[in-house]
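A.B. asks: Take a look at this one; I'll ask things after.
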Amino acid sequence: MIDGEFSVYFALLLMLLGIIAGGWFALKLAKYFKGRSIKSRLNRGLQKEQEAAKWLKRNGYKIIDYQVSLSYSLKENGVDKKITVSPDFKVSKNGQEQIIEVKSGKAAPRIENRDTRRQLLRISFY
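In terms of the working numbering, the sequence shown opens at residue 11 and continues consecutively.
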């Protein structure tokens with residue numbers, strides 16, 4: 011009887027250890043694939059920014075700055091609020107300076123995308 015109880019407890023212990031090890035492995039695997047996905051998106055973004063720089067130069071734009079940090083102020087309920095934006099390029103052409111934001115991927119270039127609209131609205135105040 012004692013041997014039977016020991017076997018049951020041992021089997022339960024092995025199952026518990028298996029569940030813990032499986033959970034740990036699943037978390038590590040998820041973290042690995044999430045990291046790969048982020049790296050892939052960053053690499054795609056950098057590639058598209060390089061393509062955009064070539065396009066801008068080919069079309070007569072002079073790149074003044076890259077990943078520049080710009081800020082402006084506005085009043086919110088009578089209180090000055092400082093807003094900072096970081097567009098991909100600050101360019102000039104025909105005596106006019108402009109800022110350029112490069113979008114890539116499936117959702118980002120679409121104006122229907124909430125985050126894209128928010129970013130473009132923030133930049134448009136500059």
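Glycine included, C-beta positions come from ideal geometry on N, C-alpha and C. Note that this is a predicted model, so its numbers are computed, not measured.
Can you name, in chain order, every residue of its own chain whose Cβ lies under 7 Å from the Cβ of K100, other than the five neighbours on each side?
C.D. replies: The residue given as residue 100 occupies position 90 in the sequence shown. If we look at K100 and ignore the five residues flanking it on each side, its Cβ neighbours are I74, D75, V78, E107 and I109.
A.B. asks: Which first and last residues belong to the beta strand (DSSP E) in which D98 is found?
C.D. replies: Counting from 1 along the sequence shown, the entry for residue 98 is found at position 88. Taken as a continuous stretch (DSSP letters only), D98 belongs to no beta strand (DSSP E), as it is neither H nor E.
A.B. asks: Going residue by residue through the region 38 to 106, where are the continuous beta strand (DSSP E) segments of at least 3 residues, counting only ones entirely within it?
C.D. replies: Counting whole runs of 3 or more residues, the region 38 to 106 contains the beta strand (DSSP E) stretches 72 to 76, 80 to 86, 89 to 95 and 99 to 103.
A.B. asks: Let's test the definition: count the other Cβ atoms within 10 Å of the Cβ of D98 and tell me whether it reaches 16, buried, or not, exposed.
C.D. replies: Along the sequence shown, one-based indexing puts residue 98 at 88. The residue in question, D98, is buried, as its Cβ has 16 or more Cβ neighbours within 10 Å.
A.B. asks: Judging by CA-CA distance, which residue of A36, G55 and K64 is the nearest neighbour of S114?
C.D. replies: Numbered from 1 along the sequence shown, position 104 holds the residue referred to as residue 114. It is G55.
A.B. asks: Tell me I109's beta-bridge partners as DSSP assigns them.
C.D. replies: In the sequence shown, counting from the first residue as 1, residue 109 sits at position 99. I109 pairs with K100.
A.B. asks: Go ahead and pull the three-state DSSP assignment for S114.
C.D. replies: In the sequence shown, residue 114 corresponds to position 104, counting from 1. The answer is coil: DSSP assigns S114 none of H, G, I, E or B.
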